[in-house]
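Encoded structure:
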């Protein structure tokens with residue numbers, strides 16, 4: 210790579226191909242800041258590579274002659290492609306980025322080549338056909354895959370591909386179904402639950418799955434006080450191994466939805482012999498094994514012996530790349546099968562599908578922080594100012610539907626300008642600058658800019674703070690903010706999703722509800738666990754939401770539209786409520802690919 214860097218440095222002094230001109234070793238040494246001996250070695254290497262023609266000067270005062278035979282534009286492009294093929298995407302991107310100021314079109318050329326690599330690919334390795342799905346994702350660090358710590362939708366999705374839970378939730382039919390446990394039962398008071406485990410299941414490292422792995426997972430979860438999801442097992446008293454394939458779990462309180470709670474991705478069953486989950490590695494029993502996880506990409510490989518049937522796809526590659534306009538939004542990924550700039554909606558053999566996310570974008574208002582947001586009149590004024598429908602119409606994009614609430618479906622009439630001014634006059638707001646924190650993605654930038662603009666009309670000053678997810682979702686950050694712009698997944702598992710919003714310590718709603726009100730809500734939730742009917746529990750949770758809406762603790766905004774643009778031969782490409790697809794069920798109807 211250094212030899213190419215040197216070539217570019219010299220070439221840029223006189224960027225003309227196939228034309229001889231004088232150049233001395235002294236001039237080369239001065240440009241490259243090296244000795245004449247090293248300059249001679251460099252020139253000799255350029256000649257060997259066929260990049261230049263070099264004619265040494267003969268006699269005193271006669272300069273050597275150099276002729277550039279290769280355009281460094283092509284050499285840089287080929288070097289970057291070579292790095293990509295080796296899997297070093299981070300370094301390839303850096304090479305392109307470093308040389309874009311000198312060759313402005315090189316990034317576009319590189320992206321056009323790169324985009325051809327995405328989607329469904331059939332490759333051959335050791336005379337064997339490999340079915341691979343390659344997906345473009347926005348820039349990522351190593352994925353943090355400890356199930357007790359995951360917070361982002363992408364991370365949830367990856368863990369679901371690698372790990373199983375005792376049970377799963379069938380979102381199409383709205384019911385809990387077997388997972389690693391094929392049968393379960395509870396005592397009449399729902400305080401003791403017994404799970405019967407499948408035989409013959411193995412972890413990706415070959416270790417047999419047994420009840421001790423369930424005990425290890427639950428005890429580890431309970432004992433670790435540093436994660437935000439303690440609410441899931443707050444009432445856990447004991448995990449008792451009956452035998453290798455039977456485990457009994459005792460609770461301090463009745464909980465008729467405990468079997469649904471253990472379907473949480475945070476309670477994915479871990480291998481008891483894997484002690485370290487800090488290195489971004491994860492061993493599960495799921496349909497895919499984790500093969501690679503670094504700054505360039507995450508790679509999943511099919512688990513040939515998966516107990517619920519081997520996936521059709523052999524390999525999933527998720528490449529950490531930046532789009533020309535910055536980070537990719539989830540809704541713009543079009544599930545990632547094909548990048549947005551490759552979409553050709555009218556092209557033959559392509560299908561384009563839309564899906565309305567149940568994920569709700571919202572603004573959480575901090576009622577626990579001293580200042581204007583303690584005042585319900587001011588919160589009501591903000592609610593009247595920030596019309597979700599106006600946001601959708603004016604900002605556009607994938608913003609699709611007004612969100613009336615997380616559970617609620619009732620539209621609330623916006624207030625008029627006179628009412629807003631009256632609320633502000635009555636409130637304690639006195640021109641303070643409010644701190645709004647949110648994520649760095651472009652859709653958050655757009656929303657916050659709109660929010661600031663609307664508030665400025667009423668002389669409400671808002672300062673924006675764009676943070677990475679790890680920083681934003683810390684309890685101290687949430688407590689420091691006056692407002693948080695965030696999103697919440699509310700899918701068919703309504704109870705679990707809403708409880709997560711209320712009880713998880715990294716939820717802005719949890720951190721922003723005034724302590725007395727939160728204590729009141731917690732008592733109502735404990736009573737909800739005692740209800741046998743899911744419908745009854747949802748009704749009770751909706752009462753809680755109505756209290757929070759009336760108190761204006763958060764402002765629901767909108768739901769996004771997610772898109773898939775893919776080859777029509779892609780089968781079982783069903784987008785879930787979070788905008789992802791279960792890789793295990795994907796398959797391609799072959800023909801032209803063979």
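Numbering (our numbering), first residue to last: 210 to 803.
Don't be surprised by glycine CBs; every beta carbon is placed ideally from N, CA and C.
Keep in mind that this is a model prediction, so the values were computed, not measured.
Contact set for residue i: own chain, Cβ-Cβ below 7 Å, skip 5 residues either direction
{"i": "residue 387", "result": "376"}
{"i": "residue 215", "result": "241, 251"}
{"i": "residue 724", "result": "577"}
{"i": "residue 318", "result": "286"}
{"i": "residue 364", "result": "352, 353, 354"}
{"i": "residue 557", "result": "Any reading at residue 557 must be qualified, since the residue scores a pLDDT of 47, below 50, and its modelled position is unreliable; the value itself is stated next. Cβ within range, chain order: n/a, list empty."}
Bridge partner(s) assigned by DSSP for residue i
{"i": "residue 698", "result": "568"}
{"i": "residue 330", "result": "341"}
{"i": "residue 346", "result": "529"}
{"i": "residue 574", "result": "692"}
{"i": "residue 795", "result": "For residue 795, which the question treats as bridged, DSSP gives no partner whatsoever."}
{"i": "residue 765", "result": "571"}
{"i": "residue 780", "result": "796"}
Contacting residues, own chain, Cβ-Cβ under 8 Å from residue i (five flanking each side not counted)
{"i": "residue 478", "result": "372, 373, 374, 375, 389, 418, 422, 423, 426, 493, 494"}
{"i": "residue 393", "result": "375, 376, 402, 403, 404, 405, 468"}
{"i": "residue 686", "result": "646, 676, 680"}
{"i": "residue 306", "result": "316"}
{"i": "residue 636", "result": "581, 584, 586, 587, 590"}
Neighbourhood of residue i by C-beta, 6 Å cutoff - its chain only, sequence neighbours within 5 removed
{"i": "residue 736", "result": "none"}
{"i": "residue 256", "result": "263"}
{"i": "residue 229", "result": "274, 276"}
{"i": "residue 300", "result": "292"}
{"i": "residue 227", "result": "none"}
{"i": "residue 695", "result": "717"}
{"i": "residue 649", "result": "675"}
{"i": "residue 346", "result": "527, 529"}
{"i": "residue 598", "result": "611"}
{"i": "residue 551", "result": "Because residue 551 sits at a pLDDT of 39, beneath the cut-off of 50, its placement in the model cannot be relied upon, and the following sentence gives the value as read from the coordinates. So the qualifying residues of the chain are 324."}
{"i": "residue 510", "result": "498, 500, 524"}
{"i": "residue 222", "result": "none"}
{"i": "residue 453", "result": "419, 420"}
{"i": "residue 608", "result": "601, 767"}
{"i": "residue 739", "result": "463"}
Beta-carbon proximity of residue i to residue j, cut-off 9 Å
{"i": "residue 633", "j": "residue 587", "result": "yes"}
{"i": "residue 277", "j": "residue 312", "result": "no"}
{"i": "residue 281", "j": "residue 217", "result": "yes"}
{"i": "residue 766", "j": "residue 656", "result": "yes"}
{"i": "residue 721", "j": "residue 530", "result": "no"}
{"i": "residue 514", "j": "residue 407", "result": "no"}
{"i": "residue 459", "j": "residue 450", "result": "no"}
{"i": "residue 761", "j": "residue 600", "result": "no"}
{"i": "residue 342", "j": "residue 330", "result": "yes"}
{"i": "residue 261", "j": "residue 279", "result": "yes"}
{"i": "residue 430", "j": "residue 705", "result": "no"}
{"i": "residue 470", "j": "residue 442", "result": "yes"}
{"i": "residue 399", "j": "residue 464", "result": "yes"}
{"i": "residue 496", "j": "residue 746", "result": "no"}
{"i": "residue 644", "j": "residue 594", "result": "no"}
{"i": "residue 233", "j": "residue 266", "result": "yes"}
{"i": "residue 752", "j": "residue 733", "result": "yes"}
{"i": "residue 569", "j": "residue 768", "result": "yes"}
{"i": "residue 699", "j": "residue 615", "result": "yes"}
{"i": "residue 383", "j": "residue 742", "result": "no"}
Residue range of the beta strand (DSSP E) that includes residue i
{"i": "residue 277", "result": "274-277"}
{"i": "residue 241", "result": "That residue, residue 241, is in no beta strand (DSSP E); its alpha helix (DSSP H) goes 234-241."}
{"i": "residue 448", "result": "445-452"}
{"i": "residue 264", "result": "261-264"}
{"i": "residue 673", "result": "670-676"}
Extent of the continuous alpha helix (DSSP H) run through residue i
{"i": "residue 248", "result": "245-258"}
{"i": "residue 290", "result": "281-294"}
{"i": "residue 717", "result": "717-721"}
{"i": "residue 197", "result": "One cannot answer for residue 197 here, as it falls past the ends of the chain, which runs 210 to 803."}
{"i": "residue 752", "result": "743-759"}
{"i": "residue 336", "result": "Note, residue 336: premise wrong, no alpha helix (DSSP H); not H, not E."}
{"i": "residue 705", "result": "703-712"}
{"i": "residue 220", "result": "211-220"}
Subject >> Residue ranges of each alpha helix (DSSP H) within the segment 357-421, 4 or longer >> reply: Runs of the alpha helix (DSSP H) lying entirely within the segment 357-421, each at least 4 residues long, are 362-371 in chain order.
**OP:** For the segment 595-654, list the beta strand (DSSP E) runs that are entirely contained and at least 3 residues long, ordered along the chain.
**Re:** Under the rule that a run must span 3 or more residues, the beta strand (DSSP E) segments found entirely inside the segment 595-654 read 608-611, 642-648.
Original post:
Which runs of the beta strand (DSSP E) fall wholly inside the segment 460-527 and span at least 3 residues, in chain order?
Top reply: Listed in chain order, the complete beta strand (DSSP E) runs (minimum 3 residues) inside the segment 460-527 are 497-502, 506-511.
**OP:** Could you tell me which uninterrupted alpha helix (DSSP H) segments, each at least 4 residues in length, are contained entirely in the segment 301-330, listed from first to last along the chain?
**Re:** Correct list: 315-324.
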